[in-house]
Amino acid sequence: MDRTRETYRRLHDRYGPQGWWPAESPFEVIVGALLMQQTTWARVEEAIRRLREAGLLDVRALAAAPVGTIRSHVRVAGLHRTKPARLKAFCRHLLEAADGDLATYFDRPTAEVRAGLLAQDGVGPETADSILLYAGGLPSFVVDAYTVRIGSRMGILSTDAYEDVQRIFETRVPRDVGTYREFHALLVAHAKASCRPRPRCDGCVLRDLCDTGRGRKG
DNA sequence: GGCCAGGTCAAAG
DNA sequence: CTTTGACATGGC
0 MDRTRETYRR LHDRYGPQGW WPAESPFEVI VGALLMQQTT WARVEEAIRR LREAGLLDVR
60 ALAAAPVGTI RSHVRVAGLH RTKPARLKAF CRHLLEAADG DLATYFDRPT AEVRAGLLAQ
120 DGVGPETADS ILLYAGGLPS FVVDAYTVRI GSRMGILSTD AYEDVQRIFE TRVPRDVGTY
180 REFHALLVAH AKASCRPRPR CDGCVLRDLC DTGRGRKG
């Protein structure tokens with residue numbers, strides 16, 4: 000049995016299609032990804048709603064807006080000393096790199112786009128991959144704290160290094176954008192539903208796959 | 001009141 | 001190269 004595929008199958012059976020990323024446009028995915036650090040989706044949603052009301056949910060508008068103005072709208076998402084400036088700087092990057100056209104921006108080899116993303120302030124590997132996968136439609140598996148936690152608990156990871164974990168999942172999951180998108184979303188859904196920091200696997204659909212599920216060696 | 005959230009970065013060992 | 005702390009808001 001392939002543990003990774005079996006995991007995907009069970010999560011999908013249990014939680015159903017997640018339909019990530021919840022956004023109305025690729026640009027909105029990017030804004031959300033940049034704001035979605037150390038906060039909750041509800042706050043990101045609120046911040047995006049405020050930006051939209053202010054007419055700032057647009058690459059040129061954000062690139063031109065004063066950081067203080069952006070800050071007043073996204074404050075609810077936390078880390079307001081860094082996020083607003085990074086958001087603005089990223090929009091300027093999009094204008095500079097592709098005249099603000101996302102189809103053009105993503106129309107290069109994935110590795111090349113990824114390198115460009117990582118060069119931006121506030122864009123680490125997870126944010127870069129989220130943008131590649133959910134905004135660009137490019138196959139780059141997203142690794143987050145939940146991915147590492149669940150993977151470790153299941154004993155399929157021997158490391159927690161980002162690129163290593165990513166490679167492990169990418170070599171076990173079909174290289175398909177739809178599958179990558181669903182898998183990541185399902186891992187988040189599962190973490191929130193029943194895979195807490197403190198191992199408590201009651202009712203967990205992966206229970207028998209987890210080292211903590213039945214004290215199978217551990 | 002303390003802990004935490006779909007991270008990232010700079011500083012230090 | 002690995003570890004640690006700061007960052008900020010708001011809900012439980």
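Residue 0 is where the first sequence starts when you use numbering that gives the first Met the number 0, and the numbers rise one by one after that. Think of the CB as a built atom: it goes at the ideal place given N, C-alpha and C, for glycine as much as any other residue. Being a predicted model, the structure only gives us computed values, none of them experimental.
Cβ neighbours of residue i in the same chain (closer than 6 Å, five flanking residues each side left out)
i: LEU94; result: ALA62
i: ARG42; result: VAL75 and ALA76
i: TYR7; result: PHE182
i: LEU101; result: PRO25
i: ASP12; result: none
Which of helix, strand or coil DSSP assigns to residue i
i: GLN36; result: coil
i: PHE182; result: helix
i: LEU137; result: coil
i: ARG107; result: coil
i: GLN17; result: coil
i: VAL164; result: helix
i: GLY150; result: helix
i: ASP175; result: coil
i: ASP207; result: helix
i: ASP100; result: coil
i: ALA88; result: helix
Nearest neighbour of residue i, chosen from the options [CA to CA]
i: GLY123; options: CYS209, ASP98, ASP100 and ARG85; result: ARG85
i: TYR145; options: VAL187, GLY136 and ARG13; result: VAL187
i: ARG152; options: ALA41, LYS87, SER193 and SER24; result: SER193
i: ASP175; options: LEU132, VAL147, ARG51 and LYS82; result: LEU132
i: ASP143; options: ARG70, GLY136, ALA190 and SER71; result: ALA190
i: ALA134; options: LEU205, ASP207 and GLY177; result: GLY177
i: ALA46; options: ALA60, PRO83 and SER24; result: PRO83
i: GLY136; options: THR68, THR103 and TYR161; result: THR103
Integer Cβ distance of residue i from residue j, believed to fall under 8 Å
i: VAL141; j: GLU125; result: 6 Å
i: VAL28; j: TRP20; result: 5 Å
i: PHE26; j: VAL58; result: 6 Å
i: LEU55; j: ALA64; result: 6 Å
i: VAL164; j: LEU10; result: About 17 Å; that fails the 8 Å criterion.
i: GLY121; j: ALA96; result: That pair is no contact at about 16 Å.
i: LEU117; j: ALA127; result: 5 Å
i: THR3; j: ARG171; result: 4 Å
i: ILE222; j: ILE167; result: No information on residue 222 is available, as it lies outside the stretch 0 to 217 that the chain covers here.
Cβ shell of residue i (< 7 Å), same chain only, five flanking positions each side left out
i: ASP106; result: none
i: HIS92; result: GLN119
i: ALA53; result: HIS72
i: GLY202; result: SER193
i: GLY99; result: VAL58, ARG59 and LEU93
Sequence-distant residues of the same chain with beta carbon closer than 8 Å to residue i, five excluded per side
i: VAL147; result: LEU156, ASP159 and VAL164
| Does the region 173-190 come close enough to the region 5-18 that 3 or more CB-CB pairs lie under 8 Å? | yes
| query | Are the region 69-89 and the region 34-42 touching, with three or more C-beta to C-beta distances below 8 Å? | reply | yes
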